[in-house]
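Each residue of the sequence shown is one higher than the one before, starting from 1 at the first, in the working numbering. Here's the structure we're looking at; comments come further down.
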Amino acid sequence: MPDASLGSSPRRLDVAIVGGGLAGLYAIHRLRKLGLSVRAYEQGSGIGGTWFWNRYPGARCDVESLEYSYSFSEELQQEWKWPERYGTQPEILKYINHVADRFDLRRDVQLDTRIETATFDRATNLWTLKTRAGETIEARFVVMAAGNLSTPRLPDFKGLKSFKGKWYHSGLWPHEGVDFSGQRVGVIGTGSSGVQMIPIIARQARHLTVFQRTANFSLPARNAPMETERERRHKANYRERRISAYDTPFAIGGHPRPTRSALEVSDDERNRAYESKWQEGGSISYLYAYTDLLVNKQSNDTASEFVRNKIRATVKDPRTAELLAPKDHPIGTKRLCLDTNYYETYNRPNVSLVDVRSDPIAEITETGLRTEGGQSFELDAIVFATGFDAMTGALREIDIRARNDQAGGGEVSLRDHWAGGPLTYLGLMVSGFPNMFIVTGPGSPGVKTQMIASIEQHVDWIADCLDHLAQNGLDRIEPTPEAEQAWVEHVNQVADSTLYPLANSWYVGANIPGKPRVFMPYVGGFDRYKKHSEAIAAKGYEGFALGRTAAGQRQAAE
Ligand code: N01
């Protein structure tokens, strides 16, 4: 419900949180413990973020459920029972709602509230946020927990308005679900969302046409009901398992650290190792088979070719198999997909694959779509699994500004500051925008890890930082431009030492025409990042300018 204080004097908070997903909810819990007044503003009509919006058929997490969950409460992680190896969207949303109730978080979440502007005034040392409905909020600090994959993107196709059928985007799926029975359906996009929904839509639709621009690597998930014994063993030392997971690059435990290069072993031995990972299911275990799969092209070629051969052995029509076998990027450099019967689906008589790389979609028509080469497809429904304006989209949609305190002093906007690509220090803060924290922003390892581990690590870091400020009578923190620049350079150097930049992925904004091509996530690993960000805090927040302002002191006293 929109807030009742609308139109009256501004609500004053210690911390305003933007977003009511996994990050925003944990921020409420953690920051409240410091005695701070907090409130999260969520544009959806329910909590859960990604898991609230992405309700497409087959939506499921590709990190195992015993890992993809909060670790902050031992009771919670012991009590919650995941029914399957990988959580489905409804199950994860149920879990998030359970957490909100169990820790009484809802009273500090305001739903149906979109933050449109956020302005920091150096003279008052306050952030002022405005909602679409016209409410004003003042806060000493802001935590942006708006998500990395939360701005759905529709390609700019001509003619969508003229389409007489129904169309959907994976990230804005109708809550009541969609029944495709008897319909001619087109799915555009073969990333993680497309790969998950295609086998399920194929079982319902009269005919399914998949429009593929880039083939993606996908591995079998091997989902199954949770094994009771496995769950018992995991829970017997959950805490220790989490700690050892935090000491790995992906913050995911259970996979021994590789010790050898893929090129150090014989072809037979390597193929046996890949086969065993393929049978085991899951992406981390596969990429973790050898030390150098993400840094050495020749090593990666062996892992890529193994999967291409699996595709060729699965898909009966050789032309379709070759189209599905990715050749333009090394495996793992675009987000590796996990599937259940994805490649097998192309053996169904009611499924066809169209290559829109060689013959791009020209326009949506009244009755379907047409390619530049003149092929026409009659469709009753079109599904856009075309992804998101990743990592920067949600923050760029908010008009974020900071005002100087000198009379007549200028204003900087985040959109301008990021015009050439996102600039952050540690993915946590932006120079020139004091007292604004980002959870798993660009420059953080977040999207390359078990996301909830990164969320908890970032929010804990932010909470410790706010505590440090309070304990020391300080009220302002911002990164120095030098520290920000050095971090951005470091993020890029680390990326350049890997194979990641070889792919046209959303990690570099390649899916958005005109977006600056900058490598956004930190791929040096969660383990290194955690140690580094903690060391920076221990050194008195090295690279940050901390301060005490007259206005800030007054507010703290109020
Ligand atoms: O989006 P994507 P997604 N014409 O950007 C194609 C997470 N996630 O929603 O590669 C034709 O990966 C585009 O083609 P190309 C996960 O981190 C996790 O699938 O740009 N095609 C691509 O095939 C994931 O990486 C889970 O050439 C067009 C597809 O649309 C991220 O979310 C599940 C096009 C978009 O793929 C995003 O995944 C789902 C055009 N004009 C998502 N424009 C799990 O945990 C775009 N495409 C399992």
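Every residue gets a Cβ at the ideal spot worked out from N, C-alpha and C, and that includes glycine.
query	result
Answer yes or no: do Gly87 and Ser65 have a C-beta to C-beta separation smaller than 7 Å?	yes
Taking the runs of the beta strand (DSSP E) that are 3 residues or longer, which of them lie wholly in the region 19 to 44?	38 to 41
Anyone know if the C-beta pair for Ile252 and Glu84 falls short of 7 Å?	no
Specify the secondary structure class of Glu280 as computed by DSSP and reduced to three states.	helix
Within 10 angstroms of the Cβ of Ile243, are there 16 or more other Cβ atoms? Answer buried if so, exposed if not.	exposed
Candidates Ile536, Leu414 and Gly509: which alpha carbon is nearest Trp461's?	Ile536
Within a Cβ cutoff of 6 Å, which residues of the same chain sit near Ser5, ignoring the five residues on either side of it in sequence?	Annotation note: pLDDT 45 at Ser5 (below 50); position unreliable, no value reported.
Nearest-angstrom Cα distance between Leu36 and Arg30?	10 Å
Taking Cβ positions, are Ser193 and Ser170 nearer each other than 7 Å?	yes
Are the CB atoms of Tyr41 and Gln110 within a distance shorter than 7 Å?	yes
Under DSSP, the alpha helix (DSSP H) around Leu395 begins and ends at which residues?	Gly393 to Glu397
Taking only runs of the beta strand (DSSP E) that begin and end inside the region 341 to 404, which ones reach a length of at least 3 residues, in chain order?	351 to 355, 361 to 364, 368 to 371, 376 to 378, 381 to 384 and 399 to 403
Got a sec, what are the start and stop residues for the alpha helix (DSSP H) Val412 sits in?	Val412 -> not in any alpha helix (DSSP H); beta strand (DSSP E) instead, spanning Glu411 to Ser413.
Following a CB-centred definition, is Cys579 positioned closer than 6 Å to any heavy atom of the ligand N01?	The structure shown does not extend to residue 579, since the chain spans only 1 to 558, so no value can be given for it.
Measuring alpha carbon to alpha carbon, tell me which residue in Ile17, Ala313, Val383 and Lys316 is nearest Phe163.	Val383
Would you say Leu219 touches the ligand N01, meaning its beta carbon is less than 6 Å from a heavy atom?	no
Kindly indicate which three-state DSSP category His207 falls into: helix, strand or coil?	strand
First and last residue of the alpha helix (DSSP H) that includes Thr228?	Thr228 to Ala236
Grab me the residues of Thr314's own chain with a C-beta within less than 7 Å of its C-beta, minus the 5 sequence neighbours each way, in chain order.	Tyr343 and Glu344
Based on the DSSP output, what are the partners of Pro479 in its beta bridges?	Phe544
With contact counted as at least three CB pairs below 8 Å, one residue from each stretch, are the region 474 to 483 and the region 545 to 557 in contact?	yes
With a cut-off of 8 Å, do at least 3 Cβ pairs link the region 437 to 446 to the region 518 to 526?	yes
Kindly examine the ligand N01 and report whether one of its heavy atoms sits closer than 6 Å to the Cβ of Val38.	no
Could you say if the region 414 to 425 and the region 479 to 486 meet the contact criterion of at least three C-beta pairs nearer than 8 Å?	yes
Alpha carbon to alpha carbon, what distance is there between Trp278 and Arg257?	17 Å
Considering only heavy atoms of the ligand N01, does any lie closer than 6 Å to the CB of Val356?	yes
Use the C-beta contact count for Pro318: other C-beta atoms within 10 angstroms, 16 or more gives buried, fewer gives exposed.	exposed
Please state whether the Cβ-Cβ distance between Ala402 and Phe437 is less than 7 Å.	no
So is the beta-carbon of Asp62 under 6 Å away from any non-hydrogen atom of the ligand N01?	yes
Taking the DSSP output, what are the residues bridged to Ala118?	Leu129 and Ile400
Spell out a yes or no on whether the region 88 to 105 and the region 228 to 237 are touching, meaning 3 or more CB-CB pairs, one atom from each, closer than 8 Å.	no
Determine, for Glu64, whether the minimum Cβ-Cβ distance to residues of chain B falls below 7 Å.	Given the protein chain composition of this structure (a single chain), no chain B is represented.
Count the other C-beta atoms from every protein chain shown that fall within 10 angstroms of the C-beta of Gln183, then say buried if there are 16 or more, exposed otherwise.	buried
Please list the terminal residues of the continuous beta strand (DSSP E) segment that includes Met436.	Met436 to Ile438
How big is the Cα-Cα spacing for Ala551 and Ala16?	18 Å
Please state if the CB of Tyr346 and the CB of Thr386 are separated by a distance shorter than 7 Å.	no
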